[in-house]
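Q:
Number of protein chains: 2
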Amino acid sequence: MKVVSAIKKVPGDIQMHLQTKFSDVTFVFCHGMGEAEYYLEEADVFITYGEDLDAEKIKAAKKLKWIMVLSAGMDRMPFEEISKRDILVTNVRGIHAQPMAEYAISMLLQVSRKAKTLLGQEQKEEWNRRPVMNEISGRTMVLLGTGAIPQEVARLAKAFHMKTIGLSKSGRTRPHFDKVYPVQQIDSVLAVADFIVAALPSTPDTKHMLTADQFKRMPKHSIFLNMGRGDLVSSEIILNAVRGGEIDHAVLDVFEEEPLPAGHPLWKEENITITPHISGISPQYIPRGFALFEENLEVFLSGEGTLKNIIDPKRGY
Amino acid sequence: MKVVSAIKKVPGDIQMHLQTKFSDVTFVFCHGMGEAEYYLEEADVFITYGEDLDAEKIKAAKKLKWIMVLSAGMDRMPFEEISKRDILVTNVRGIHAQPMAEYAISMLLQVSRKAKTLLGQEQKEEWNRRPVMNEISGRTMVLLGTGAIPQEVARLAKAFHMKTIGLSKSGRTRPHFDKVYPVQQIDSVLAVADFIVAALPSTPDTKHMLTADQFKRMPKHSIFLNMGRGDLVSSEIILNAVRGGEIDHAVLDVFEEEPLPAGHPLWKEENITITPHISGISPQYIPRGFALFEENLEVFLSGEGTLKNIIDPKRGY
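Top to bottom, those sequences are chains A and B.
Under full-length UniProt numbering, think of the first position of the first sequence as 1, with each following residue one higher.
Under full-length UniProt numbering, think of the first position of the second sequence as 1, with each following residue one higher.
Next comes the structure, spelled out in structure tokens:
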């Protein structure tokens, strides 16, 4: 039994650990698809980011029984060929929840507790205790979406004794939310928010979903944070809301145009904090992906238990 | 029955709330002791920060039965006179736990996730996704002290799936700590820390407690945070540890000399973050203090239940 990995830079300790633990399995750790191609023919299991496979490669991989995709996006997978051969596909859905939740809490703390002002004072060697550091504890957070990522944000928010309100299509109850409402009620829900956190994927429903009028409904002291997709709301609406004092601050990790070009007015706004689409990036990504692979490999080899994150190749998710 | 408060700037909604809820009680909200003095003679209950009372004033306050001190420090209280008269004293012990815990988590996130670098990039309008944002999740936190403040830090750390290790005189188990060791074992415990958080009061035992050798035992990637008292460790030891790469970063809210004078070498060190003794400051301080007073007033008036944070005037705590 042979496992071939096309993932670049898998740390040595992870390679060692797997080879020691599964001594009957041969592991080939390749530095990308260019190298992995040569081993595909013998692979029973293939580990990939999923963007480097095509129907030809699947055909060449005659013995392939399982593809572990170390990504949550599956847009480029040749599902037709995979489906014909009945090859098992699993992914790492949910792997972004932890870093993105940390990002959200971290940025809300940074803005509420005046990190920029305090770092500025430090640079000037100025001892000044007047900046008002607002606590995030006990505030009300409204989350757009109630999936794995918003749930993890809400879990941390509850640790800070926040009230957590979710908005979703169904309005169904979810763990770590005090209340979930159907998205039709967004206007009234936004009015009670101290923090509005958006972590929605881009779909026809979410594209330009937030309107200028909705920003007017948010409290003047509120902080809006978007780490989902940039097309949720136009830059112009955000700029106007911040400039007009309709909200206190916007934290943006995603944009209509990425990279956000130098000279764009969003960069210059004092009450907008920009990060370069990094909320989901983490040094723990590969370790976490391989930990999930390891769990699944045990199930795959023993036939006992259930594999996590199985993808239906007919639906693509 | 008359309650006199010497606390400046008590928000109107708090005054209104108390006056409405306790309609049989007369409240006099004064702007400091200068004004409150005139009402002391008639006061049954007195609310104070505790640094403005003396034996004379206690003598003048003939009807006084209860002093509510809106502070945790009681150094300047005239306990001898209070003790003679059998006046009840309560304080707001524990009120700093929540803002200080937020401070600690906020600063560890700020340093780990490279906030300074990212804010610098933003200023230059530079889209650069390379800064490595380390997660705080799953790391090991060593806390010096296991009282109310370290416990609240540990509680939040557990929400981030951290391992929490406490050091205390007794080594006794405490909530939210995975392990507590007696302080004699500090050397071996420091060696496993990703974060070292100190929130110790200043006592003969803690003065210059941390040695240069102990900083050498901390891992090179570790972050040291002190929000207790500045005399826990000399500035020189911290400077040498950071300059020598023995630790990655120090976050300091307290100093041997406060205010930290402009020109002090601590200000200039890239891997030391300075805040001006603000970890315990919060806009929630007065609301929280009065919420505790309200609870106690109910008990005081009804005689049912137990007053919180009663101080023994003979011991002073």
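Yeah, the Cβ is synthetic: ideal placement off N, Cα and C, and Gly gets one too.
1) Could you check where the alpha helix (DSSP H) with V189 of chain A kicks off and where it finishes?
2) Whose C-beta lies closer than 8 Å to the C-beta of K216 of chain B among residues of the same chain, with five residues either side of it excluded?
3) Enumerated in chain order, which unbroken segments of the beta strand (DSSP E) with a length of 3 residues or greater are wholly contained in the region 186–260 of chain B?
4) Going along the chain, which residues of its own chain have a beta-carbon closer than 6 Å to the beta-carbon of A97 of chain B, five neighbours each way excluded?
5) Can you give the Cα-Cα distance for K207 of chain A and R76 of chain A, rounded to whole angstroms?
6) Just to check my reading of the structure: S112 of chain A and N134 of chain A have Cβ atoms closer than 8 Å, yes? What is that Cβ distance to the nearest angstrom?
7) Which residue wins for smallest C-alpha separation from N226 of chain A, given the options A:I272, A:V192 and A:D13?
8) Could you check whether I7 of chain A and I47 of chain A sit closer than 7 Å to each other, using their CB atoms as the reference points?
9) Cα separation between A72 of chain B and G94 of chain B?
10) Within a Cβ cutoff of 8 Å, which residues of the same chain sit near P182 of chain B, ignoring the five residues on either side of it in sequence?
11) Could you check how far apart the C-beta atoms of K2 of chain A and A43 of chain A are, in whole angstroms? I think they sit under 8 Å.
12) For residue 379 of chain A, does the count of other Cβ atoms within 10 angstroms reach 16, so buried, or fall short, so exposed?
13) Would you check if the region 223–239 of chain A and the region 252–260 of chain A touch, i.e. whether three or more CB-CB distances between them fall below 8 Å?
14) Going by C-alpha to C-alpha distance, which of B:K163, B:M218 and B:L144 sits closest to Q184 of chain B?
15) In this structure, what does DSSP give as the bridge partners for V10 of chain A?
16) CB-CB under 7 Å to P201 of chain B, same chain, minus the five flanking residues each way: which ones, in chain order?
17) Using a Cβ cut-off of 8 Å, pull out every chain B residue sitting near I136 of chain A, in sequence order please.
18) Between Q19 of chain B and Q214 of chain A, what straight-line distance do the alpha-carbon atoms span, to the nearest angstrom?
19) Out of B:I286, B:K59 and B:E295, which has the shortest C-alpha to C-alpha gap to G12 of chain B?
20) Output, in chain order, the set of chain B residues within a Cβ distance shorter than 8 Å of G263 of chain A.
21) Name the chain B residues that come within less than 8 Å of H277 of chain A, Cβ to Cβ?
22) Quick check: the Cα distance between G316 of chain B and T90 of chain B, rounded to an integer number of angstroms?
23) How about the region 119–139 of chain A and the region 156–167 of chain A: do they share at least three Cβ pairs that are nearer than 8 Å?
24) When DSSP builds the beta bridges, which residues end up paired with V299 of chain A?
25) Tell me which residue opens and which closes the alpha helix (DSSP H) that W127 of chain A is part of.
26) Is it a yes or a no for the region 272–283 of chain B touching the region 115–131 of chain A, going by three-plus beta-carbon pairs under 8 Å?
27) Can you check DSSP and say which residues form a bridge with K163 of chain A?
28) For the region 87–117 of chain B, which residues have a beta carbon sitting closer than 8 Å to at least one beta carbon of chain A?
29) Below 8 Å between beta carbons is the criterion; list the residues of the region 6–27 of chain B that meet it against any residue of chain A, in chain order.
30) When you compare only the Cα positions, how much space is there between T173 of chain B and D54 of chain B?
31) Could you tell me which of B:M218, B:T211, B:A198 and B:V28 sits nearest to V189 of chain B, measuring between CA atoms?
32) What are the residues in the region 155–185 of chain A lying within 7 Å of chain B by C-beta distance?
33) Is it the case that the Cβ atoms of V142 of chain B and A198 of chain B are separated by a distance below 7 Å?
34) S302 of chain B to I311 of chain B, Cα distance in whole Å?
35) Are F195 of chain B and I223 of chain B closer than 7 Å when you measure CB to CB?
36) Going by alpha carbons, who is nearest to G305 of chain A out of A:E295, A:A154 and A:A291?
A: Straight from the coordinates:
1) Here residue 189 of chain A is taken as the residue at index 189 of the first sequence, counted from 1. Taken as a continuous stretch (DSSP letters only), the alpha helix (DSSP H) holding V189 of chain A covers I186 to L190.
2) As a working note, residue 216 of chain B is residue 216 in the second sequence. Cβ neighbours of K216 of chain B beyond the five flanking positions: A241 and E246.
3) 195–198, 223–226 and 249–252
4) Translated into positions along the second sequence, residue 97 of chain B becomes position 97. If we look at A97 of chain B and ignore the five residues flanking it on each side, its Cβ neighbours are A148, I149 and E152.
5) The residue given as residue 207 of chain A occupies position 207 in the first sequence. The residue given as residue 76 of chain A occupies position 76 in the first sequence. Roughly 22 Å between the two C-alpha positions.
6) Along the first sequence, one-based indexing puts residue 112 of chain A at 112. Along the first sequence, one-based indexing puts residue 134 of chain A at 134. Yes, S112 of chain A and N134 of chain A are in contact; Cβ-Cβ is about 4 Å, under 8 Å.
7) What you label residue 226 of chain A is simply residue 226 of the first sequence in a count that begins at 1. Considering only alpha carbons, the answer is A:I272.
8) Sequence index remark: in the first sequence, residue 47 of chain A carries index 47 (1-based). Sequence index remark: in the first sequence, residue 7 of chain A carries index 7 (1-based). Yes, Cβ-Cβ distance for I47 of chain A and I7 of chain A is below 7 Å.
9) Position 72 of the second sequence holds residue 72 of chain B. Position 94 of the second sequence holds residue 94 of chain B. Each residue's Cα considered, the two are about 8 Å apart.
10) Counting from one through the second sequence, the residue named residue 182 of chain B turns up at place 182. Counting only Cβ-Cβ distances below 8 Å, and skipping sequence neighbours, we find L167, S168, K169, S170 and G171.
11) The residue you call residue 2 of chain A lines up with position 2 of the first sequence. The residue you call residue 43 of chain A lines up with position 43 of the first sequence. Confirmed, Cβ separation roughly 6 Å.
12) Examination of residue 379 of chain A is not possible in this model, given that chain A is present from 1 through 317 alone.
13) yes
14) Here the question's residue 184 of chain B lines up with position 184 in the second sequence. With distances taken between Cα atoms, Q184 of chain B lies closest to B:L144.
15) The residue you call residue 10 of chain A lines up with position 10 of the first sequence. BP columns for V10 of chain A are empty, so no partner.
16) For the purposes of this step, residue 201 of chain B is taken as the residue at position 201 of the second sequence. G228 and R229.
17) Walking along the first sequence from the start, residue 136 of chain A turns up at place 136. Within 8 Å Cβ-Cβ: E102.
18) Stepping through the second sequence from its first residue, residue 19 of chain B is reached at position 19. Stepping through the first sequence from its first residue, residue 214 of chain A is reached at position 214. Distance between the alpha carbons of Q19 of chain B and Q214 of chain A: 38 Å.
19) Position 12 of the second sequence, counted from the start, is the residue given in the question as residue 12 of chain B. Checked all of B:I286, B:K59 and B:E295; the closest Cα to G12 of chain B is B:I286.
20) For this step, residue 263 of chain A is matched to residue 263 along the first sequence. Ordered by position in chain B, the residues that pass the 8 Å Cβ test against G263 of chain A are E125.
21) Here residue 277 of chain A refers to the residue found at position 277 when the first sequence is read from its first residue. Those within 8 Å of H277 of chain A in chain B are R129.
22) Translated into the one-based positions of the second sequence, residue 316 of chain B becomes position 316. Translated into the one-based positions of the second sequence, residue 90 of chain B becomes position 90. Using only the alpha carbons, I get a separation of about 11 Å.
23) yes
24) Here residue 299 of chain A corresponds to residue number 299 of the first sequence, with the count starting at 1. Per DSSP, none; premise fails for V299 of chain A.
25) Translated into positions along the first sequence, residue 127 of chain A becomes position 127. Element bounds for W127 of chain A: n/a, residue is neither H nor E.
26) yes
27) Reading the first sequence from its first residue, position 163 is the one you call residue 163 of chain A. BP columns for K163 of chain A point to A:T140.
28) Q98, P99, E102, Y103, I105, S106, L109, Q110, R113, A115 and K116
29) none
30) Your numbering for residue 173 of chain B matches position 173 in the second sequence. Your numbering for residue 54 of chain B matches position 54 in the second sequence. For T173 of chain B and D54 of chain B, the distance between alpha carbons rounds to 40 Å.
31) Along the second sequence, read from residue 1 onward, the residue named residue 189 of chain B stands at position 189. For V189 of chain B, the nearest C-alpha among the options comes from B:M218.
32) L156 and A159
33) Numbered from 1 along the second sequence, position 142 holds the residue referred to as residue 142 of chain B. Numbered from 1 along the second sequence, position 198 holds the residue referred to as residue 198 of chain B. No, they are not a contact pair.
34) To locate residue 302 of chain B, count along the second sequence from 1; it is residue 302. To locate residue 311 of chain B, count along the second sequence from 1; it is residue 311. Cα to Cα, S302 of chain B sits roughly 20 Å from I311 of chain B.
35) Sequence index remark: in the second sequence, residue 195 of chain B carries index 195 (1-based). Sequence index remark: in the second sequence, residue 223 of chain B carries index 223 (1-based). Contact: yes.
36) Residue 305 of chain A sits at position 305 when you count from the first residue of the first sequence. Looking at the Cα atoms, A:E295 is the closest of the given residues.
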